[in-house]
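As structure tokens, the structure follows; a few thoughts come after it.
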Amino acid sequence: MRLRAAITGVHGYVPEDVLTNADLEKIVDTNDEWITSRTGIKQRHILKGEGLGTSFMAAEAVRGLLKKTSIDPKEVDLVICATVTPDYLFPSTANLVCTQVGIPSVGSFDILAACSGFIYALSVGAQFIEAGTYKKVIVIGGDKMSSIIDYTDRTTCVLFGDGAGAVMLEPTTEENGLMDFLLHSDGTGENHLIMKGGGSKNPASHQTIDNRWHYISQEGPQVFKFAVTKMADAAAEIMNRNHLTGDDVTWLVPHQANKRIIDATANRMEIGPEKVMMNIQNYGNTTAGTIPLCLFDYESQLKKGDNLILAAFGGGFTWGSAFLKWAY
Ligand code: UT7
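Mapped onto the numbering used here, the consecutive letters of the sequence shown carry residue numbers 201 to 528.
Spelled out as structure tokens, the structure:
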């Protein structure tokens with residue numbers, strides 16, 4: 201009998217502090233009308249407090265997840281964290297989360313696939329379940345984007361926020377769980393969306409700081425052109441090869457980068473806005489956090505057997521999609 205990896209719980213965390221469009225108007229030359237009409241974003245949550253990194257938010261999400269699934273930390277077999285804003289280059293954020301929540305000495309590692317990170321991590325985690333190797337795998341997506349945002353650059357600072365979400369993967373022999381996934385990448389995206397400093401090519405130096413290379417640098421309109429086609433392509437491709445029409449899809453769970461990219465994806469899938477998970481207005485783009493935070497916000501509306509299409513596009517470039525049948 202075929203084992204599939206089913207999501208058996210989801211939890212999310214966003215920090216209390218909120219940065220509204222009105223707040224940003226006081227910092228850079230922007231306005232609520234521009235931000236709302238170009239992106240759909242109204243506010244984002246920002247993690248404040250000295251010494252708090254992505255692991256803090258991820259650990260909050262995982263604590264909530266363990267509580268609601270009634271799973272003891274000692275039962276967890278593996279933890280994977282998708283992030284581009286790890287607490288450190290090493291140790292990995294997943295290592296730190298395990299220690300913070302009391303998950304003892306199991307394998308844990310990070311995955312870096314920018315805004316597609318959660319779909320990448322979900323498909324990796326599912327392999328361990330489908331192979332029968334592990335029974336309880338936690339997949340986290342989270343980013344403290346405020347740690348790499350230049351709040352003097354109006355073209356990027358209005359877009360991003362902080363947050364994290366986590367799901368529990370467990371085996372099922374029922375016809376639900378992760379049914380299919382697609383992963384893609386194209387390294388030429390480095391020219392359009394990158395954080396240039398802090399890695400082995402441009403280690404931190406006075407020069408990298410002067411050049412503002414420790415902040416995200418994005419050619420927004422260029423990235424938009426790729427994102428709007430590739431995210432829709434990925435959703436359409438996974439629907440085609442699973443013989444799904446718009447009528448068969450219960451929910452689109454899109455990466456929340458820009459409402460216009462989400463609308464284009466929904467149009468291509470021939471589904472109406474009532475089937476699209478959307479919380480970009482509250483959180484902005486939390487990178488690897490967007491998809492699990494959507495699942496968390498919409499959890500009460502999900503029913504067993506619902507067909508979900510996850511789709512994302514981001515830095516790398518990376519993009520991908522997943523077809524999930526909701527399991528509870
Ligand atoms: O999740 C990771 C992947 N990232 C994405 O998917 C983001 C993709 N890109 C986007 O979402 C959009 O490109 C943006 C929201 C970043 C920009 O929207 P756009 O429709 O592509 O831009 P536009 O052509 O309408 O506007 C660009 C203009 C520029 O001015 P000029 O050169 O035309 O005079 C910018 O300087 O808008 C200006 N601008 C702003 N104006 C007011 C850029 N940022 C702002 C701002 N407030 N915050």
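C-beta atoms are modelled at their ideal positions from N, C-alpha and C, and glycine is treated no differently.
Query: Beta carbon of ALA427: closer than 6 Å to some heavy atom of the ligand UT7?; Result: yes
Query: Does the ligand UT7 have even one heavy atom less than 6 Å from the beta-carbon of GLY514?; Result: yes
Query: Between the alpha carbons of LEU289 and ASP497, how many angstroms are there, rounded?; Result: 30 Å
Query: Could you tell me which residues DSSP puts in a beta bridge with ILE207?; Result: LEU369
Query: Ignoring anything shorter than 3 residues, give me the beta strand (DSSP E) runs that lie fully in the stretch 251 to 291, in order along the chain.; Result: 278 to 282
Query: Quick check on the DSSP output: what are the complete beta strand (DSSP E) runs of length 3 or more inside the stretch 223 to 254, in order along the chain?; Result: 243 to 245
Query: Are the beta-carbon atoms belonging to GLY212 and GLY365 less than 7 Å from one another?; Result: yes
Query: By the 10 Å Cβ neighbour count, where 16 or more other Cβ atoms means buried, how is GLY389 classified, buried or exposed?; Result: buried
Query: On the DSSP bridge assignment, give the partners of SER308 in chain order.; Result: VAL279
Query: Give the secondary structure of HIS455 by DSSP, where H, G and I count as helix, E and B as strand, and everything else as coil.; Result: coil
Query: Based on the DSSP output, what are the partners of HIS384 in its beta bridges?; Result: TRP519
Query: Given the structure, does GLY420 come close to the ligand UT7, in the sense that its CB is under 6 Å from one of the ligand's heavy atoms?; Result: yes
Query: Would you identify the three-state DSSP class for ASN537, choosing helix, strand or coil?; Result: Residue 537 falls outside the range modelled here, since the chain spans only 201 to 528, and no answer is possible.
Query: Which partner residues does ASN507 have in the DSSP bridge list?; Result: LYS525
Query: Give the single residue among VAL453, ALA457, ALA527 and ILE461 whose Cα lies nearest to the Cα of PRO492.; Result: VAL453
Query: Checking the sheet assignment: what are the DSSP bridge partners for PHE513?; Result: TRP519
Query: Let me know if ARG412 comes out buried or exposed under the rule of 16 or more other beta-carbons within 10 Å of its beta-carbon.; Result: exposed
Query: Which of the three DSSP states is assigned to THR465 in this structure?; Result: helix
Query: Starting from THR299, follow the alpha helix (DSSP H) in both directions and report where the run begins and ends.; Result: 293 to 301
Query: Can TRP548 be considered in contact with the ligand UT7, in the sense that its beta carbon sits closer than 6 Å to one or more heavy atoms?; Result: An answer regarding residue 548 cannot be provided, because it is not within the stretch 201 to 528 covered by the chain.
Query: Whole angstroms is fine: what's the gap from ASP287's alpha carbon to GLY251's?; Result: 9 Å
Query: Determine the extent of the alpha helix (DSSP H) in which GLY317 is found, giving its start and end residues.; Result: 317 to 330
Query: Measure the alpha-carbon distance for GLU370 versus ALA222 and round it to whole angstroms.; Result: 43 Å
Query: Over what stretch of residues does the beta strand (DSSP E) that includes VAL218 continue unbroken?; Result: 218 to 220
Query: Kindly identify the DSSP beta-bridge partner or partners of ALA364.; Result: TYR213 and GLY342
Query: Quick check: does the Cβ of ARG354 come within less than 6 Å of any heavy atom belonging to the ligand UT7?; Result: yes
Query: Assign LEU493 to one of three DSSP states: helix, strand, or coil.; Result: helix
Query: Mind checking whether VAL297 and ALA331 have CB atoms under 7 Å apart?; Result: no
Query: Assign MET431 to one of three DSSP states: helix, strand, or coil.; Result: helix
Query: Evaluate HIS455 with the Cβ neighbour count: other Cβ atoms within 10 Å of its Cβ, from every protein chain shown; 16 or more gives buried, anything less gives exposed.; Result: buried
Query: By DSSP, does SER405 sit in helix, in strand, or in coil?; Result: coil
Query: Using 7 Å as the threshold, is the C-beta distance between ASN507 and THR239 below it?; Result: no
Query: Could you tell me whether any non-hydrogen atom of the ligand UT7 is closer than 6 Å to the CB of ALA466?; Result: no
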